[in-house]
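The structure appears right after this line, and notes come after that.
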Amino acid sequence: MSDDNADSLDQDHHVHFDTTTLKDDFESDNCVTYQRSGDTIIVSLGFLQINHRYLIDLKLPASLFGDVGTSSNKFLPHVDATPNLHCRITEFSGSKHDEHDFYEMNIEFFAYKEKLLRETLHIVNSKNSKEVFQLIIAARVLGRGKGTPMLRTGIHCIGVEKDDDESEASDFAGFDKP
């Protein structure tokens, strides 16, 4: 076997990837996802951290609302008799603008317990109060010491609540005052 033949064999063993077949899911994994079933829209926030308070900028696609999501319809937050303590709408532009194909909404969300957390909000069509959409805000909440999640686009941590189990107390009884 000549050296020329050995060089050509070595070159044949390189792996080449076609960039058109490669799919980078980083962008899609980094976005809040929406799914509609009947009059319920599930908003999946991904991973959050326990005892953290978040401000979430949502852009609800108009397509989620079907024929109801036309530009002439306006939606309003539906306030229940008992407000949700852990999740509330802070801002809501209930009109779909011609230049946008979505409804903008800001939510304040508190991750108060570990594992799967689901909070429910409602929005109503201002022209037909019987058209109520239930928004289920879902997140997987990591407990203390379980890591720090990468927040999806539009999710911002605005504070950390002190855990009642966390105690900064020590066994030191303190100094006696004379």
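Everything in the sequence shown is counted per this note's numbering, starting at 3 for the first residue and increasing by one.
Built from N, CA and C at the ideal position, the CB exists for glycine as well.
Quantities reported herein were computed from a predicted structural model and do not represent experimental measurements.
CB residue i to CB residue j, shorter than 8 Å?
i: F111; j: I139; result: yes
i: F77; j: N108; result: no
i: I125; j: Y56; result: no
i: V81; j: K117; result: no
Could you spell out where the beta strand (DSSP E) holding residue i opens and where it closes?
i: R142; result: 130–144
i: T42; result: 42–51
i: K117; result: 117–127
i: T35; result: 35–39
Can you look up residue i in the DSSP assignment and give me helix, strand or coil?
i: L66; result: helix
i: T155; result: coil
i: P79; result: strand
i: D26; result: The predicted model places D26 with a pLDDT of 48, which falls under 50 and marks its position as unreliable; any figure quoted below should be read in that light. Coil.
Which residues does DSSP list as the beta-bridge partners of residue i?
i: N108; result: D59, E93
i: H88; result: Paired residue(s): none; H88 is not in a bridge.
i: G161; result: R55
Tell me the rounded alpha-carbon separation between residue i and residue j.
i: V162; j: P79; result: 26 Å
i: K61; j: A141; result: 17 Å
i: L153; j: V134; result: 29 Å
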